[in-house]
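Presented below is the structure to which this report refers.
In the numbering used here, the protein residues as written are 2 to 159.
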């Protein structure tokens with residue numbers, strides 16, 4: 002029950018207005034705190050996995066979406082002629098290479114007659130992603146020269 006005392010200097014109209022406002026406010030507050038409202042259900046917290054910035058590079062050269070793998074070499078040690086691939090002109094060629102090994106070690110990747118580059122090796126792993134586009138189609142021979150203690154993987158995609 003809300004009681005408003007009429008004080009001298011306050012009009013009856015103002016007293017009634019304040020009374021009605023307080024009744025409306027009390028009704029609104031009681032509606033918010035009433036016991037017959039359903040209890041809110043607890044939502045479990047959402048856990049979003051976050052990549053550890055110190056996580057090692059995968060040993061396998063990753064596959065890019067929406068392109069075709071022309072050559073793939075699983076994680077390997079030592080030098081190897083990986084294979085041959087026909088590439089199309091005017092279409093990007095992706096060279097994806099990973100290397101795990103002693104710091105300061107490098108492997109050399111040759112895409113004869115198009116390209117030659119080195120990839121550093123690290124104990125945590127190093128991933129290189131190169132892109133080349135040739136004007137005309139060609140056939141490539143892919144070869145990797147590597148010291149015996151390095152583990153590398155290669156994927157050629159177009």
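Heads up, the beta-carbon is just placed ideally off N, CA and C, and yes, glycines get one too.
Test item: CB-CB of residue i and residue j under 8 Å
i, j, result
"residue 109", "residue 99", "no"
"residue 139", "residue 115", "yes"
"residue 92", "residue 143", "no"
"residue 148", "residue 106", "yes"
"residue 128", "residue 94", "no"
"residue 145", "residue 88", "no"
"residue 72", "residue 81", "no"
Neighbour-count burial assignment, residue i, 16 or more Cβ in a 10 Å radius
i, result
"residue 125", "exposed"
"residue 96", "buried"
"residue 11", "Below a pLDDT of 50, predicted positions are generally treated as unreliable, and residue 11, at 46, falls in that range; no measurement from the model is reported."
"residue 141", "buried"
"residue 153", "buried"
Proximal residues to residue i (C-beta, below 8 Å), its chain only, five neighbours per side dropped
i, result
"residue 70", "64, 156, 157, 158"
"residue 111", "117, 142, 143, 144, 145, 146"
"residue 104", "122, 123, 124"
Three-state secondary structure assigned by DSSP to residue i
i, result
"residue 159", "coil"
"residue 154", "strand"
"residue 143", "strand"
"residue 149", "coil"
Contact set for residue i: own chain, Cβ-Cβ below 6 Å, skip 5 residues either direction
i, result
"residue 102", "122, 150, 151"
"residue 137", "90"
"residue 113", "142"
Same chain only: Cβ atoms within 7 Å of residue i, ignoring 5 sequence neighbours per side
i, result
"residue 79", "147, 149"
"residue 68", "95, 158, 159"
*Can you list, in chain order, the stretches of the beta strand (DSSP E) that have 3 or more residues and sit fully within the segment 71-136?*
81-88, 94-101, 107-113, 116-121, 127-133
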